[in-house]
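Below you'll find the structure, written out as structure tokens, and then a few comments.
Residue numbers (the working numbering): 7 to 76.
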């Protein structure tokens, strides 16, 4: 039986690895890949998501603190 491996979660959900197109669909722009600095495309708010204790991104990390995009 052939085993299918999935891409690591950090590769698919981490904004450091998402394309500009995917981030645009979420309503955010990545300002800095290394510091994980995001900007809302609607209001211009800039934020850095706080990582969970296990260093993963929290659910809804892409949501603007002003609730513009979700």
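Quick reminder that beta carbons are idealized off the backbone N, C-alpha and C, glycines included.
Checklist line | Classification of residue 31 by the beta-carbon crowding that lies within 10 angstroms, buried from 16 upward | finding: exposed
Next item on the list: Please say whether residue 67 and residue 37 have beta carbons closer to each other than 9 Å?
Entry: no
Checklist line | Same chain, Cβ closer than 8 Å to residue 9, five either side skipped, listed in chain order | finding: Its pLDDT being 46, under 50, residue 9 is placed unreliably in this model, and the value from its coordinates should be taken loosely. Within the same chain, residue 9 has no close Cβ partners at all.
Notebook entry, point to check: Going by beta carbon distance, what residues of the same chain come within less than 6 Å of residue 62, once the five residues before and after it are set aside?
Noted result: none
Note to self: Quick test of your reading: residue 29 and residue 35, contact by CB under 8 Å. State the CB separation rounded to the nearest angstrom.
What the structure shows: 6 Å
Notebook entry, point to check: From residue 75 to residue 53, what does the alpha carbon distance come to, in whole angstroms?
Noted result: 13 Å
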